[in-house]
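Single-structure report; data block below.
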């Protein structure tokens with residue numbers, strides 16, 4: 143009987159020892175999930191659109207290359223409007239590449255009383271003279287001095303221009319850098335704007351809610367406005383000095 147008892151005891155002890163490695167393996171298997179989440183938000187997914195040293199990947203709308211009105215200064219692209227501009231002449235920048243679903247991050251600095259904007263979904267076609275004829279705009283503005291700021295909240299810095307107003311005025315004064323992150327996601331039918339770390343605008347894209355929003359704006363009867371899901375990113379020449387830097391994009 144003693145021998146049987148000893149054998150039973152050893153068997154139980156052996157089974158207990160075998161279970162421990164299985165528990166350790168289970169804990170190990172859960173770790174890659176956390177690692178995957180970290181990788182999904184890593185810097186490696188960003189593509190630099192402007193590194194501060196050249197205009198590679200950019201051109202002026204309906205033109206080849208970039209004119210002398212855009213200059214490279216201290217890691218930024220700076221637009222100096224011409225003093226004598228021919229009627230109808232403009233110097234808007236657009237990317238060489240088209241984008242559909244993305245997160246776009248950039249810094250902007252506007253001059254006193256200045257106005258500019260960031261477009262997406264721009265269709266580069268001679269049928270359209272300006273990027274704003276097709277591309278929706280996130281406003282870049284000196285809220286304190288430019289008269290557009292008095293034309294309604296949907297015209298202020300960070301707004302989806304003439305359609306969705308920012309929930310708060312978090313723009314820094316003219317001459318100071320602002321960081322803006324724009325998300326456009328047609329898969330989830332949503333877009334948003336984060337300015338200086340605060341989410342200030344959310345809007346629908348690519349659905350009936352978008353169409354209703356456009357129908358209530360100045361763009362209601364514009365044939366090509368907001369019609370192109372895939373298009374270029376654009377930076378606006380609105381006749382005022384403006385600077386952009388640290389431009390990068392993450393495709394979704």
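Residue numbers (the numbering used here): 143 to 394. Glycine included, every Cβ here is placed at the ideal spot set by N, Cα and C. Treat the numbers as computed from the prediction; the structure is a model and nothing was measured.
Going by beta carbon distance, what residues of the same chain come within less than 6 Å of residue i, once the five residues before and after it are set aside?
i	result
residue 212	219 and 221
residue 188	390 and 392
residue 307	295, 296 and 301
residue 304	296, 359 and 360
residue 261	273, 277, 279 and 376
residue 223	381
Take residue i and list the residues in its own chain whose beta-carbon comes closer than 7 Å to its own, dropping the five residues that flank it on each side.
i	result
residue 283	252, 257, 290, 291, 298 and 299
residue 177	With a pLDDT of 31 at residue 177, under the threshold of 50, the modelled position of this residue cannot be trusted; read the value that follows with caution. Around residue 177: no qualifying Cβ.
residue 265	276, 366, 370 and 373
residue 244	326, 391, 392, 393 and 394
residue 288	255, 256 and 257
Run through the DSSP bridge pairs and tell me what residue i is partnered with.
i	result
residue 240	374
residue 386	219 and 250
residue 325	245 and 334
residue 281	259
residue 340	337
residue 201	236
residue 214	219
residue 367	Residue 367 is not bridged to any residue.
Am I right that residue i and residue j are in contact with their C-beta atoms under 8 Å? What's the rounded C-beta distance?
i	j	result
residue 235	residue 200	5 Å
residue 387	residue 217	6 Å
residue 316	residue 286	7 Å
Are there 16 or more other CB atoms within 10 angstroms of the CB of residue i, so buried, or fewer, so exposed?
i	result
residue 195	exposed
residue 237	buried
residue 232	buried
residue 227	exposed
residue 294	exposed
residue 313	buried
residue 310	exposed
residue 230	exposed
Alpha carbon to alpha carbon, how far is residue j from residue i? Give it in angstroms, no decimals.
i	j	result
residue 323	residue 343	11 Å
residue 279	residue 259	6 Å
residue 319	residue 241	25 Å
residue 193	residue 375	16 Å
residue 355	residue 364	13 Å
residue 385	residue 352	30 Å
residue 210	residue 350	42 Å
residue 368	residue 357	11 Å
residue 268	residue 204	7 Å
Less than 8 Å between C-beta atoms, sequence neighbours within five positions excluded: which residues of the same chain meet that for residue i?
i	result
residue 347	326, 327, 328, 331, 332 and 333
residue 208	197, 200, 201, 202 and 235
residue 148	With a pLDDT of 39 at residue 148, under the threshold of 50, the modelled position of this residue cannot be trusted, and the question is left open.
Is any non-hydrogen atom of the ligand FAD found closer than 8 Å to the C-beta of residue i, if you look at the structure I gave you?
i	result
residue 304	For the structure depicted, the ligand FAD is absent and the ligand set is empty, with no information on it obtainable.
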